[in-house]
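In full-length UniProt numbering, the protein residues as written are 1 to 380.
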């Protein structure tokens, strides 16, 4: 259970409200390429190929780091593109250059009264949204990665909140890393290091949400073997590939042969380091072995911890189109709903031994059944 769960009081908490189209039962081969690189800062999404027509307009306020991260923001963009094509909605994008821009961009969308839904992507939006949602009570908002509450802890009634159990998916890829680092495993141009049992984790900003990824990853590694060491570093940003590469190179040179990143666009540097060193990496948020901006690294990407932000955006939009907006709710999305899933890399997945895949299937089932409780903090 996440820390958020215990805060829920009398209002509805939904566990499976998002109909995520995933492959149930195990870590799996990918069936979706994730993000596509995105739009420019304030583009209108008015495609000509939509199969339906709707008067609904959506304002998209992305997380800092912007579109083109081949990760978190691009997954959100994929969701609104799907809504445009399948539901006929229109949308407008804005990309905050810093956290201080977020509240004003939310407010401008609300003041315009042009948008039936404003999607606020990322935890950094929370403070501004708490203010704006109460100032504009007739405006529908959705929030990803946090929960908008009043000072007394009550949920704000015009905000639909979507939170993910990233620790569960991170456990899965940690379990994978912990198993493979103990083997003499080679694929494409990379190989694990004989005699070394070290893996790494590179985070973007050192904030509670990203620490949740770290906690799950470390728990998964430990589930494979308590003897495997985990190196950890934070780049300090989600859009700094140079810092990501420096952190990963340091880990690889210190014995790691597999590095998992939860760092948005910074993670591109992790993949560059893996290619340079002939070692392995694990992606995040989208299937980064297939995403347009990172597919060039598919020969080093063992798997990706996919977070279906796209489905959250699509479902929130569809609810508005259907006249069924679910304000004052928290949607908890984890392995049990396929809101989170780990997918094997497009090139390397077939090379992973069957016994490793079987063990990952077992740990996934144990998490879903409640037999394994994955920590949400590194102190648990």
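In this text, a Cβ means the ideal position worked out from N, Cα and C, and glycines have one as well.
Range covered by the beta strand (DSSP E) that runs through residue i
i	result
residue 343	340-344
residue 141	140-144
residue 229	229-234
residue 73	Where residue 73 is concerned, there is no enclosing beta strand (DSSP E), although the alpha helix (DSSP H) it sits in stretches over 72-87.
residue 381	Because the chain spans 1 through 380 in this model, residue 381 falls outside it and cannot be assessed.
residue 58	57-61
Alpha helix (DSSP H) segment containing residue i, residue limits
i	result
residue 175	166-180
residue 201	That residue, residue 201, is in no alpha helix (DSSP H); its beta strand (DSSP E) goes 198-203.
residue 154	It is not in any alpha helix (DSSP H) - residue 154 carries neither H nor E in the DSSP assignment.
residue 302	Looking at the DSSP string, residue 302 is not in any alpha helix (DSSP H); the run it does join, the beta strand (DSSP E), is 301-307.
residue 250	241-253
residue 129	126-135
residue 216	208-224
residue 358	354-369
C-beta atoms of residue i and residue j nearer than 7 Å
i	j	result
residue 190	residue 305	no
residue 158	residue 140	yes
residue 188	residue 299	yes
residue 290	residue 346	yes
residue 382	residue 115	Nothing about residue 382 can be reported from this structure: the residues present for the chain run from 1 to 380 only.
residue 143	residue 149	no
residue 267	residue 225	no
residue 201	residue 214	yes
residue 220	residue 255	no
residue 63	residue 122	yes
residue 326	residue 160	yes
residue 340	residue 334	yes
residue 167	residue 337	no
residue 105	residue 94	yes
residue 235	residue 263	yes
residue 269	residue 245	yes
residue 204	residue 238	yes
residue 162	residue 331	yes
residue 120	residue 313	no
residue 102	residue 54	no
residue 76	residue 317	no
residue 230	residue 197	no
residue 124	residue 99	yes
residue 233	residue 247	yes
Buried or exposed (CB count within 10 angstroms, at least 16 for buried), residue i
i	result
residue 61	buried
residue 206	exposed
residue 272	buried
residue 73	buried
residue 311	buried
residue 31	At residue 31 the pLDDT is 38, less than 50, meaning the model places this residue with poor confidence; the figure from the coordinates comes in the next sentence. By the 10 Å Cβ count, residue 31 comes out exposed.
residue 242	exposed
residue 96	buried
residue 146	buried
residue 81	buried
residue 195	exposed
residue 369	exposed
residue 152	exposed
residue 240	buried
residue 186	exposed
residue 367	buried
residue 354	exposed
residue 371	exposed
residue 380	exposed
Anticipated Cβ contact below 8 Å, residue i with residue j, distance rounded
i	j	result
residue 321	residue 87	5 Å
residue 360	residue 258	Wrong, their Cβ atoms sit about 14 Å apart, outside the cutoff.
residue 343	residue 303	6 Å
residue 218	residue 252	That belief does not hold up - the Cβ atoms of residue 218 and residue 252 are roughly 18 Å apart, past 8 Å.
residue 172	residue 363	7 Å
residue 211	residue 374	The pair is not a contact, with the Cβ atoms about 13 Å apart (cut-off 8 Å).
residue 288	residue 301	6 Å
residue 356	residue 176	7 Å
* Taking the runs of the beta strand (DSSP E) that are 3 residues or longer, which of them lie wholly in the segment 258-318? -> 280-285 and 301-307
* Ignoring anything shorter than 3 residues or poking outside the segment 91-123, list the beta strand (DSSP E) runs there in chain order. => 117-121
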